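Q: Following this message is one structure expressed as structure tokens.
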Amino acid sequence: MRNIDLSPLYRSFIGFDHLASMMDTASKNEKQSTYPPYNIELLAEDKYRITMAIAGFAKDEVSIEVQENTLQVIGIKVAKDNKDASTKEERKFLHKGISERSFERKFQLGDHVKVLAADLENGLLHVDLERVVPESKKPRKIEIGSKLIENIK
């Protein structure tokens with residue numbers, strides 16, 4: 013990976029010291045495998061959806077966890093013998109293109125991004141997210157000549 017010089021950003025962005033650590037974490041996440049494939053959609057201004065193609069996985073084989081700003085999706089496929097449960101006969105594949113291997117995928121979430129819901133339908137796992145900025149973090153207009161009520165004695 014290329015080294016990126018962030019020093020020009022520090023001239024005009026104040027309080028973004030954690031930017032370097034976030035970029036370092038993102039570069040570590042690049043080393044993840046490409047399985048399973050996924051999409052990230054922008055549904056509205058502050059609403060997102062991650063869709064992962066996890067054919068062959070049941071709800072109880074997938075876990076979704078959020079810790080700090082990391083969303084982790086883990087699929088654990090239990091090794092089964094090669095027998096069909098309904099006929100008790102051994103299954104013989106001429107071509108096996110549907111992967112049934114376990115996986116772990118991590119996504120770095122931005123500040124104030126919350127996971128709303130998750131749904132597994134037709135082999136696709138949908139994880140809905142929303143950025144909810146608290147009132148204290150939203151922009152506010154400051155009138156010239158005004159004083160903060162807290163500072164008035």
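Going by my numbering, the final residue of the sequence shown carries number 165, and the count climbs one at a time with no gaps. Ideal Cβ positions, reconstructed from N, Cα and C, are used throughout, including at glycine. Fair warning: this is a prediction, and the values are worked out from it, not measured in the lab.
Can you tell me where the beta strand (DSSP E) holding Tyr47 begins and where it ends?
A: In the sequence shown, residue 47 corresponds to position 35, counting from 1. Element bounds for Tyr47: n/a, residue is neither H nor E.
Q: Name the one or two DSSP bridge partners that Asp58 has.
A: Counting from one through the sequence shown, the residue named residue 58 turns up at place 46. For Asp58, which the question treats as bridged, DSSP gives no partner whatsoever.
Q: Anyone know if the C-beta pair for Leu132 and Lys71 falls short of 9 angstroms?
A: Locating residue 132 in the sequence shown gives position 120, counting from the first residue. Locating residue 71 in the sequence shown gives position 59, counting from the first residue. Yes, the pair counts as a contact, with Cβ atoms nearer than the cut-off.
Q: Going by the beta-carbon positions, is the gap between Val125 and Val139 smaller than 9 angstroms?
A: Locating residue 125 in the sequence shown gives position 113, where the first residue counts as 1. Locating residue 139 in the sequence shown gives position 127, where the first residue counts as 1. No, they are not a contact pair.
Q: Counting pairs of beta carbons, one from the region 69 to 84 and one from the region 144 to 160, are three or more of them closer than 8 angstroms?
A: With a cut-off of 8 angstroms, the region 144 to 160 and the region 69 to 84 do not count as touching, because too few Cβ pairs lie within range.
Q: Assuming Gly135 and Ser114 form a contact by the criterion Cβ under 8 angstroms, report the distance between their Cβ atoms to the nearest whole angstrom.
A: One-based indexing of the sequence shown puts residue 135 at position 123. One-based indexing of the sequence shown puts residue 114 at position 102. No, Gly135 and Ser114 are not in contact; Cβ-Cβ is about 16 angstroms, not under 8 angstroms.
Q: Would a C-beta distance cut-off of 9 angstroms place Arg143 and Pro48 closer than the cut-off?
A: Translated into the one-based positions of the sequence shown, residue 143 becomes position 131. Translated into the one-based positions of the sequence shown, residue 48 becomes position 36. No.
Q: Leaving out five residues before and five after Ile66 in sequence, what residues of the same chain have Cβ atoms less than 7 angstroms from its Cβ?
A: Locating residue 66 in the sequence shown gives position 54, where the first residue counts as 1. Answer for Ile66: Pro48, Val74, Gly87, Gly135, Leu137, listed in chain order.
Q: If we ignore side chains and look at the alpha-carbon of each, how far apart do Glu112 and Leu55 end up?
A: The residue given as residue 112 occupies position 100 in the sequence shown. The residue given as residue 55 occupies position 43 in the sequence shown. Approximately 30 angstroms, taken between the alpha carbons.
Q: Which two residues bound the contiguous beta strand (DSSP E) that contains Gly87?
A: On the sequence shown, residue 87 is found 75 positions in, with the first residue counted as 1. It spans 82 to 87 - the beta strand (DSSP E) in which Gly87 sits, taken as one unbroken run.
Q: Hey, out of Glu101, Asn51, Phe105, whose CA is closest to Arg61's CA?
A: Counting from one through the sequence shown, the residue named residue 61 turns up at place 49. Answer by Cα proximity: Asn51.
Q: According to the neighbour-count rule (16 or more other Cβ atoms, all chains shown, within 10 Å of its Cβ), is Arg106 buried or exposed?
A: Start at 1 with the first residue of the sequence shown, and residue 106 comes out as number 94. In the sequence as presented, Arg is not what sits at residue 106; that position holds Leu. Classification of Leu106: exposed, given that the 10 Å Cβ count is below 16.
Q: Taking only the alpha-carbon atoms, compute the straight-line gap between Thr46 and Gly68 and give it to the nearest angstrom.
A: Taking the first residue of the sequence shown as 1, we reach residue 46 at position 34. Taking the first residue of the sequence shown as 1, we reach residue 68 at position 56. Cα to Cα, the separation comes out at about 17 angstroms.
Q: Tell me the rounded alpha-carbon separation between Ile110 and Lys104.
A: Your numbering for residue 110 matches position 98 in the sequence shown. Your numbering for residue 104 matches position 92 in the sequence shown. Cα-Cα distance, rounded: 14 angstroms.
Q: Here's the rule I'm using: 16 or more other beta-carbon atoms within 10 Å means buried, otherwise exposed. How should Val85 be labelled?
A: Along the sequence shown, read from residue 1 onward, the residue named residue 85 stands at position 73. So Val85 counts as buried.
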